[in-house]
Each structure stands twice: as C-alpha cells, then as structure tokens.
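Undergrad:
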Amino acid sequence: MNLAICLLLARRFVEKSQIREVVEGYHGLSDAAFERTFERDKDELRGMGVPVETGSNSVLFPDDIGYRIRRKDFELPPISFTAEETAALGLAATVWESATQAEQAVSALAKLRAAGVDPDPERLAGLAPSIGAREPAFAEIWAATSERVTVRFSYKGQPRRVQPWAMAYRRGSWYLVALDVDKGERRTFKVSRIDSEVTRMGKPGSYHVPGEVEMDAVLAGLEPGPADAEAIVAIRDGRAADLRRRARPAAAEADAVPCGFSAFAVTYSRTGDFVGEVCAHGSDVIVLAPAGIRRSVIAQLKAVAGGRK
Amino acid sequence: MTSVDQVSRLLALVPYLQHHPDAELEATAQVFGVSSRQLIADLNVLWYCGLPGGGPGDLIEIDMDAVNDSGRIRLSNAEYLDRPMRFTPDEALSLVVALRTVRELAPASAAPGIDSALAKLEQATGTLAATAKVAVASGSAELRDLLAQAISDAVLVRLEYTDAGQDLTTPLVAPARLIVRDGFGYLQGWSLDRQAWRTYRLDRISSAEPTGDASPALPEPPEFGPGWLEQRPEAAEVTLRLRSEAAWVAEYYPIRKVRRGEDWLEVDLLVADPGWLRSLLLRLGRMVISVQPEPARQAASEAAAEALAAYQAG
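Read top to bottom, the protein sequences are chains A and B. Letter by letter, the first sequence follows residues 0 to 308 in numbering that gives the first Met the number 0. Letter by letter, the second sequence follows residues 0 to 313 in numbering that gives the first Met the number 0.
(1) DSSP on Glu301 of chain B, reduced to helix/strand/coil?
(2) Taking a Cβ distance cut-off of 9 Å, strictly less, list which residues of the stretch 149-166 of chain A are near chain B, in chain order.
(3) Anything in chain B within Cβ reach of Lys311 of chain A, meaning under 7 Å, just list it in chain order.
(4) Helix, strand or coil: which one does DSSP assign to Arg240 of chain B?
(5) To which residues of the same chain is Gly105 of chain A closer than 7 Å at the C-beta, ignoring the five residues directly before and after it?
(6) Could you tell me whether the stretch 165-184 of chain B touches the stretch 129-143 of chain B, using the rule of 3 or more Cβ pairs below 8 Å?
(7) To the nearest angstrom, report how far apart Lys256 of chain B and Pro163 of chain A are at their CA atoms.
(8) With H, G and I counted as helix, E and B as strand and the rest as coil, what does DSSP make of Met47 of chain A?
(9) Between which two residues does the alpha helix (DSSP H) holding Ile254 of chain B run?
(10) Excluding five sequence neighbours on each side, which residues of the same chain lie with their C-beta closer than 6 Å to the C-beta of Ala65 of chain B?
(11) Are Gly156 of chain A and Asp194 of chain A touching if we call contact CB-CB under 9 Å?
(12) Taking C-beta pairs closer than 9 Å, name the residues in chain A that Lys256 of chain B reaches, listed in chain order.
(13) Does any CB atom of chain A fall closer than 9 Å to the CB of Glu219 of chain B?
(14) Hey, out of B:Ala110, B:Leu10, B:Leu58, B:Asp202, whose CA is closest to Ala113 of chain A's CA?
(15) Out of curiosity, what's the CA-to-CA distance linking Cys278 of chain A and Val237 of chain B?
(16) Jot down the residue ranges of each uninterrupted alpha helix (DSSP H) in the stretch 12-42 of chain A, minimum 4 residues, whole runs only, in chain order.
(17) Taking 6 Å as the limit between beta carbons, can you name the residues of its chain near Ser206 of chain B, skipping five residues before and five after?
(18) Going along chain B, which residues have a C-beta under 8 Å from Phe80 of chain A?
(19) Give the list of continuous beta strand (DSSP E) stretches no shorter than 3 residues that lie fully inside the stretch 123-201 of chain A.
(20) Nearest-angstrom Cα distance between Ser29 of chain A and Gly201 of chain A?
(21) Count the other CB atoms within 10 Å of the CB of Met0 of chain B; is the residue buried (16 or more) or exposed (fewer)?
(22) Do you know offhand how far Glu229 of chain B's Cα is from Leu117 of chain B's?
(23) What would DSSP say about Leu92 of chain B, mapped onto helix, strand or coil?
(24) What's the gap between the Cα of Asp42 of chain A and the Cα of Val51 of chain A?
(25) Quick one: give me the first and last residue of the beta strand (DSSP E) that Tyr15 of chain B is part of.
(26) Between Tyr15 of chain B and chain A, is there a C-beta pair that is closer than 9 Å?
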C-alpha cells in the first residue's frame with residue numbers, strides 16, 4: 000500500500016534504494032529480505048492491475064533503473080452517470096450468482112462509488128435479473144477471456160489450443176468464441192462440452208482480439224439458422240400458442256382439416272427439430288404437408304405409442 | 000501483512016471515504032462486500048499508510064474513536080489519493096455482463112439509461128467490454144413495460160399464458176417482480192386463482208391486461224434461487240435413459256444428476272408438471288430407452304396413440 004502511494008506520488012522514476020529509504024515497511028530489513036519483499040510487492044501491485052512502470056530518469060545513465068506509477072494510467076478516468084444510469088449500475092452489482100464474478104462486480108461498483116457515483120435502490124424496484132454458470136470449466140475460461148491468456152483443454156474428447164476472444168450467454172448456456180490455434184480458424188465452443196481441466200499457456204495479454212463488429216457477427220451465429228422451410232399444419236383451436244405465433248393462416252383442402260382445427264403455414268429451420276416439436280404437441284397439431292414430414296411424425300408417434308403396455 | 004485483495008480494496012476505500020465524509024461503518028462494509036470486522040481491520044492498516052517518511056503529518060488520519068463509539072468513519076490527510084483505480088479486466092467484464100443481463104430484462108422505459116451506462120463503461124474500459132454478450136428469452140420490451148408498470152402501481156393483471164403442458168390459461172395475477180432463471184425471464188406473481196406464488200415465463204405470455212383492481216397486500220415473494228423447482232411440493236423425480244444423440248437434454252434442462260454409459264445417458268430431473276414431461280417424451284421419440292416411474296411413459300404413449308388416430312381419420 001505504501002509502495003503504491005510512494006510510486007503514485009512520484010513525478011519521476013524512483014530508484015530502488017530511494018524506495019527502501021522512504022517506505023516505512025522496508026525499514027529494518029536485510030538486503031536480501033528487502034529484495035524479496037520489494038519484488039513480491041511490485042509483482043502483487045502489477046497483478047492487481049496497478050501499472051508499475053520501469054525506466055530511467057537519466058539519458059546519460061540509463062542503467063539507473065527506477066519505478067513509477069503514472070497517475071493517468073492508474074486512475075479511473077473521469078466518469079459521471081445520470082440517475083437512470085446509476086440505478087442500472089446498482090442493480091447490476093446484484094446480478095451475478097457465481098461468487099467470483101459477484102465479487103468482481105461489487106468491487107467494480109465500489110470503485111464507481113469511490114468516484115462519487117451513488118445508486119438509488121428504489122429505482123428499478125421489481126426487477127431481479129440474475130446470471131450464473133453451471134459449467135465446471137466456466138471460471139477458468141472466463142478468467143482466460145478477460146486476461147487474454149491462451150489455454151488448452153479437451154473438447155468432446157479432442158485436444159484444443161485456443162486464444163479466447165469472447166463469451167456469450169444464451170438461454171442458460173455459456174459459449175466461448177476463440178481462435179483455434181492449430182486450425183488457424185475461429186471456432187465457437189459450448190463451455191459445458193469442455194471435458195478436461197483448462198490449462199493456461201503463456202502470459203496474459205499475449206494476443207489481439209478482433210474488433211466488435213466482427214464479434215457481433217460471430218455471436219449472431221449462435222442463433223438457430225434461418226427458418227426457410229415451410230409446412231402446412233392443422234392446429235386445434237386454442238392450442239399450441241408457441242407454433243401459432245410464428246404461423247400464418249393457410250388454405251387447405253377442407254376434408255383434410257379435422258373439425259375444431261384450423262390450417263396454418265409455419266416455418267422451420269431444421270427438419271429433425273421440427274418433427275420433434277410437432278410430436279410434442281400430441282394430437283393438437285397434425286402435419287398436412289410436406290408428405291416427408293408427415294411420414295416422419297407418424298413414424299415417431301408410432302415409436303412412442305409402441306411403448307404402451 | 001496485507002493481502003492483494005486488501006490492498007486493492009484500500010485503494011478504493013480511501014477515495015470512497017473522502018467522497019462520503021462521516022460514512023457509516025455498516026453501510027460502507029456492505030458497499031465493499033466485506034464484514035464490518037474486516038473493514039475495521041482495513042482501517043487499522045490504513046492508519047499506518049501514507050506519504051513516504053512515515054512521520055505523524057504524513058500518515059492518513061482516521062478518527063478511530065468515532066469508528067468505535069458511533070460507527071462513523073472520518074478520514075483525512077489523503078488528498079493525493081482521491082480517485083479510485085481503473086477497473087481490472089475481470090471487474091470490467093463482470094460488471095458489463097451484469098449490466099447486459101439487466102438490459103435483457105428491463106422494461107422499454109429503462110432501456111435508454113442502461114444503454115448509455117453501457118456505452119460509458121465501454122468507453123472507460125476499452126474493447127474488453129465488447130467481448131461478452133448476453134441473451135435472455137424475456138418476451139417483448141412492451142410486455143415488460145406493462146408488467147413493470149403494473150408492479151409499481153400494485154394492480155392485478157389478467158394474463159394469457161401458455162403453460163409448460165401447452166395449455167392456454169388466463170390466470171389473474173398480482174405481479175411482484177421480474178426475474179431471470181437459467182437464461183429465461185419470468186414474472187413472479189401471486190395467482191389469485193391458485194392462492195399461491197407462481198412464476199410465468201415471459202416468452203409464453205401472449206398478452207397481459209391490467210384489470211384496474213388493486214393487488215392484495217403481499218408478503219415478500221419466495222426466493223427463486225438455484226434449485227427453485229425443488230421447493231415446489233408437487234415436483235417429482237423422474238429418471239430418463241436416453242440414447243447418446245439426445246445428450247442435449249442434459250444441457251438444456253435443469254438436471255439433478257447425469258450418468259453416462261457407452262451409447263446412452265441417464266438423467267434425473269424434477270418434474271413439476273406431468274404435461275411438460277409428456278411433451279418432452281413425445282419430442283424425444285425413439286431417443287428414449289426407458290422411463291422411471293413407468294406411468295409417465297404410459298401418458299406419452301396414450302397421447303401418441305390419440306394423435307395417430309387423428310392422422311388415420313384425416
């Protein structure tokens with residue numbers, strides 16, 4: 000702490016011998032003990048993100064190495080928030096369920112409060128968002144992504160070496176977007192399918208992450224493909240609201256539509272998923288066309304009905 | 000000796016206390032996410048910190064008597080440390096993701112404030128903030144607007160709601176709060192029909208109409224934490240043995256236990272609604288090897304037979 004204050008106040012690089020003299024915690028230490036303690040403190044400061052610079056004040060004697068912390072690199076830049084923004088930040092600090100990220104968010108908000116930002120908890124009352132992670136590899140992948148550390152792990156049984164770029168949370172699952180170092184290509188990994196320990200390789204910040212525009216495109220790729228196929232189905236009146244929402248009324252031969260049903264055209268992207276979706280509705284949804292889907296649905300229903308005793 | 004976490008906290012504590020003169024011990028401990036005992040330990044360390052030299056005029060001054068007597072913290076002689084440190088990458092990412100989660104659940108009226116807060120954070124933290132995205136299935140912003148308004152006005156709403164068994168229902172609900180669980184947004188409210196707390200998935204609410212009647216006085220809604228399903232008395236454990244191709248089930252639904260064999264997996268899950276399980280079994284079709292207890296499968300078989308009859312009639 001004193002070392003941080005000492006270096007922060009200095010306008011110039013402070014040499015090690017000077018530091019030893021002025022920082023009270025270093026008094027009374029033997030040479031070796033001082034070296035050890037100083038190196039440890041300096042590394043710890045760097046580890047927590049304090050930018051401790053090394054350099055020399057002198058052009059003539061560049062070997063006289065000293066240390067300093069530049070204020071503008073250290074301090075949170077001036078930042079001010081409106082009442083609405085502040086309320087959102089206050090709520091954000093309560094969102095994480097995973098202990099590590101919760102601590103980090105609380106500590107980030109504490110820094111904002113230390114800069115004079117004070118959230119009013121009454122605003123946004125009635126909202127209780129939360130986010131968490133059940134994936135065993137999550138913590139390691141998260142840390143590697145935020146620090147930009149290359150990692151290796153086994154994914155569905157295959158060894159991978161990747162540079163983590165970004166993480167995305169969708170419908171309760173975490174995904175990692177990363178450069179696969181061996182293939183030289185970008186890949187998306189579902190974090191729950193990482194089936195080994197995650198091992199760090201190399202130092203933090205050792206690679207560059209492409210800009211945001213490209214990232215948005217990558218993450219959009221997680222959404223299901225475009226619903227470009229269409230089927231005609233009969234839906235029992237008042238049922239299957241989820242299908243009905245993406246359907247439009249369709250014409251069908253009157254005798255094909257049972258009494259109490261209406262015909263709809265509904266789009267889908269993957270045949271297998273759509274067959275399952277229709278079957279899940281039991282007798283409330285009947286496929287009229289195309290014939291292939293109709294046959295698949297009947298086959299699946301027969302398989303389930305066959306389990307009857 | 001001071002730990003890394005402590006020094007990191009002290010560097011924020013000093014400017015915080017200068018921005019909040021006479022800060023309360025308890026409230027301050029809460030802001031920093033530590034116990035008040037830890038905070039006092041922090042203050043005792045700060046007491047020995049200050050300008051190089053370590054003389055009486057150089058040290059940070061804390062009125063420890065005020066701390067001990069009235070729980071107030073007064074700190075002075077630290078003007079040189081009046082701004083907090085920059086965010087670490089982990090802090091920045093954690094806060095940005097949390098804020099994005101808030102954004103996903105927020106009503107339309109709160110969205111501009113959240114967007115501009117995000118933009119400012121991203122400016123303060125650089126490109127890092129772009130490296131995490133969050134998507135929550137939480138219905139339309141207009142619906143959330145309406146529900147948020149009903150919550151703050153404390154009025155009843157009539158929902159049009161498709162329940163997990165695909166039945167369309169129209170419950171009368173006293174809305175209490177909007178929450179997120181496992182990537183889905185929910186309305187938590189008191190069902191006047193059931194006289195019980197219920198949760199309604201936002202993407203399954205097709206409409207919500209305020210009735211104009213005031214909500215009854217409600218106790219604090221139950222915590223909807225991880226494992227919330229287990230608190231529902233009607234939930235029963237079901238074990239499915241599935242072919243390996245259906246491994247997605249273990250990732251998609253809250254599962255209590257998974258066992259894996261060579262070409263199969265067995266999942267234990269809690270089922271609160273038999274209609275939901277029937278739908279799942281119909282959806283999985285041949286992927287299902289066996290179901291315990293047996294009656295669950297019986298219900299799915301009967302539903303399948305009924306559907307087949309409709310095909311044969313048509």
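Where a beta carbon is used, it is the ideal one built from N, C-alpha and C, also for glycine. In this text the structure is predicted, and so the values were computed from the model without any measurement.
TA: According to the structure shown:
(1) helix
(2) Pro163, Trp164, Ala165, Met166
(3) With chain A covering only 0 through 308, there is no way to say anything about residue 311 of chain A.
(4) strand
(5) The residue you asked about is not Gly; residue 105 of chain A is Val in the sequence shown. The residues are Ala92.
(6) yes
(7) 29 Å
(8) coil
(9) That residue, Ile254 of chain B, is in no alpha helix (DSSP H); it is neither H nor E in DSSP.
(10) Arg71, Arg73
(11) yes
(12) Going along chain A, no residue has its Cβ under 9 Å from Lys256 of chain B, so there is no contact; the nearest lies around 13 Å.
(13) no
(14) B:Leu10
(15) 21 Å
(16) 15-21
(17) Glu159
(18) Ala116, Lys119
(19) 149-154, 157-169, 172-179, 184-189, 198-200
(20) 34 Å
(21) Because the pLDDT of Met0 of chain B is 41, which lies under 50, any placement of that residue in the model is unreliable, and the question is left without a value.
(22) Residue placement at Glu229 of chain B is flagged as unreliable, the pLDDT there being 47, under the threshold of 50; the coordinate-derived value follows with that caveat. Straight-line Cα distance between these residues: approximately 36 Å.
(23) helix
(24) 9 Å
(25) It is not in any beta strand (DSSP E) - Tyr15 of chain B instead sits in the alpha helix (DSSP H) that spans 3-18.
(26) yes
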